[in-house]
Amino acid sequence: MKAWTLYLVFPGRYGPLASGAAMLTMWILIQLWLVGELFWASTGLFFAAALAYLPAVHAHIFNLTRAAVVELSGELALSPAQQSAALDRVQHPGWRYQIIFALIGTCAAVMHIEYMGLITQLPDGSMDLSSNMIKVNIAGTLLSWVTMTTVIANLVRSNSVLGDLAKYFKQVDLFRKQPWQPLARVAIASTLALIGTNALFPLLFIDSGTSSAVKILPGMMLTAPAIIAMVMLPLSSAHKLIVAHKTQRLEAIDHALRRLTNPKSMVDMQGLNTLLAQRSHLEKVSTWPLNLDNVGRLLFYLFIPPLTWVGAALIERLVDGFV
-2 MKAWTLYLVF PGRYGPLASG AAMLTMWILI QLWLVGELFW ASTGLFFAAA LAYLPAVHAH
58 IFNLTRAAVV ELSGELALSP AQQSAALDRV QHPGWRYQII FALIGTCAAV MHIEYMGLIT
118 QLPDGSMDLS SNMIKVNIAG TLLSWVTMTT VIANLVRSNS VLGDLAKYFK QVDLFRKQPW
178 QPLARVAIAS TLALIGTNAL FPLLFIDSGT SSAVKILPGM MLTAPAIIAM VMLPLSSAHK
238 LIVAHKTQRL EAIDHALRRL TNPKSMVDMQ GLNTLLAQRS HLEKVSTWPL NLDNVGRLLF
298 YLFIPPLTWV GAALIERLVD GFV
C-alpha cells in the first residue's frame, strides 16, 4: 500500500503540478464557502497551500527516489531481486506505518489546538463550536498536521532505504562525485517538502493579533530536525564508506612513505615526491558525496524560509504603519 498522500496526486510527468493547483483551488473555495470572509486569506490560505503543496511535492520526491534506485542499480553489488525489494520498500510503507504516523499527527494537532487556544469554552464549560470559522480552523489544523507528519515519515523512511543501498557500492572512486549524485539529488530535493512548508508559515501571522513566533513555533519544532534527517539519511552511509576508503588509501601511502624515509637515489626521490603529491591531493578530497552544485542548491533552499519570514515581517510592519 502506497502512502495515502500519493493517491491524491494525478499520474504523469505534470501530475504533481496539476494536482497541487487543483487542490489549492478546491481548498480555497471550500473555505470561502464555509467561512465567507476575506479574513481567511491569511490562515485559510496557509491551510489551502500546505494541503495542496505537501502531497504534490511528496509525489515529486517519490518519483525522484524511485528514479535514483533505478539509476544506482548498475553501481550496486545487489541482485535484481534485492534491488526490486528495496524499491518496493520505498513505494509501499504499509498501512500500519501510515496509521501510526496519522495518529501521531492527530495528537500533535490536538496539542497545537490546545496550545493556540483555538477552542473557547462557554460559561457552562462546554466547547464553543458554534461558528464555521472555528470548525474550519480546527479541521485545517488537524488535516495540516496529519498530512505533514505522514509526508515527513514517508520521506524519512524512503531516504533511510536509499541510504542503506549506499553500503553496497561495488567500487568507491574518491575523485568522482558522479556515481553518488542520485543520493545527493534525493537528499536535497527532500528538504523541499519542509522548506516549502516553512516558507508558508508567514501566512499564519499576517493580519493576526497573535505573535508570529507563537504561531510558527510548533511547526518549526517538527520540521527543523526532520530537515536534518532528510539530508543525512541518504548521505551518511555513503559518507562512512568514503571515509573508510580514504583512510585506507592514506594508510597505504603512509606505509609506503615509511619505506622511503632515507631516499638514496633519484628513483627513490621521484617515488617520494609522487607519494607526497598523492597524499596531499587525497587529503583535500571531501568525504561527502556532494559537489559544489549540490551544496549551492542546498544553501539556496535553506535561505528561502528566513527570507520569507523577514519579508512578511517587513510587510506587516509597513501595513501597521499605515493603519
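In the numbering used here, the protein residues as written are -2 to 320. Backbone N, C-alpha and C define an ideal beta-carbon position, used for all residues, glycine too.
Only counting the same chain, and skipping five residues up and downstream in sequence, which positions put a Cβ closer than 8 Å to that of residue i?
i    : result
T103 : L139, W142 and V143
L171 : I239, H242, K243, R246, L279 and V282
Y165 : L73, A74 and L75
L254 : L269, L272, L273 and R276
A186 : H57, I58 and L61
L3   : P52, H55, A56 and F59
L257 : D265, G268, L269 and L272
T147 : A0, W1, T2, Q95, F98, A99 and G102
K167 : E72, L73 and A74
I250 : L272, Q275, R276 and L279
Q28  : W37, G41, F44, A45, V133 and G137
Which residues share a DSSP beta bridge with residue i?
i    : result
F297 : DSSP, once it has assigned bridges, lists no residue as partnering F297.
Is residue i helix, strand or coil when you go by DSSP?
i     : result
L73   : strand
F166  : strand
N151  : helix
E240  : Just to set this straight, residue 240 is Val in the shown sequence, not Glu. Three-state result, V240: helix.
F172  : coil
M145  : helix
M229  : helix
S81   : helix
S128  : coil
M108  : helix
N259  : coil
H55   : helix
H89   : coil
P13   : helix
N195  : helix
M(-2) : coil
G41   : helix
F7    : coil
G33   : coil
N134  : helix
N60   : helix
N288  : coil
Can you list, in chain order, the residues of its chain with a C-beta nearer than 6 Å to that of residue i? Leave out the 5 residues immediately preceding and following it.
i    : result
S155 : T62 and V87
A150 : F98
W285 : H236
G9   : none
P13  : V6, A53, A56 and H57
W24  : A45 and L48
L31  : N129 and V133
L230 : N156, S157 and G160
A184 : V228, P231 and L232
L84  : V66
A223 : I149 and L191
W177 : A235 and P286
G137 : F44
Which residues in the same chain have their Cβ closer than 7 Å to the Cβ of residue i, if we skip the five residues on either side of it in sequence?
i     : result
A163  : L180, S234, A235 and L238
T220  : L191, T194 and N195
R182  : L61 and A65
G17   : A49, Y50 and A53
M(-2) : H89, G91 and W92
L69   : L162 and P179
N288  : K174
Open item on the list: Suppose only complete runs of 3+ residues qualify. What are the beta strand (DSSP E) ranges in the stretch 262 to 286, listed by chain order?
Closed with: none
Open item on the list: Check whether the stretch 72 to 83 and the stretch 48 to 58 touch, using three or more Cβ-Cβ pairs below 8 Å as the test.
Closed with: no
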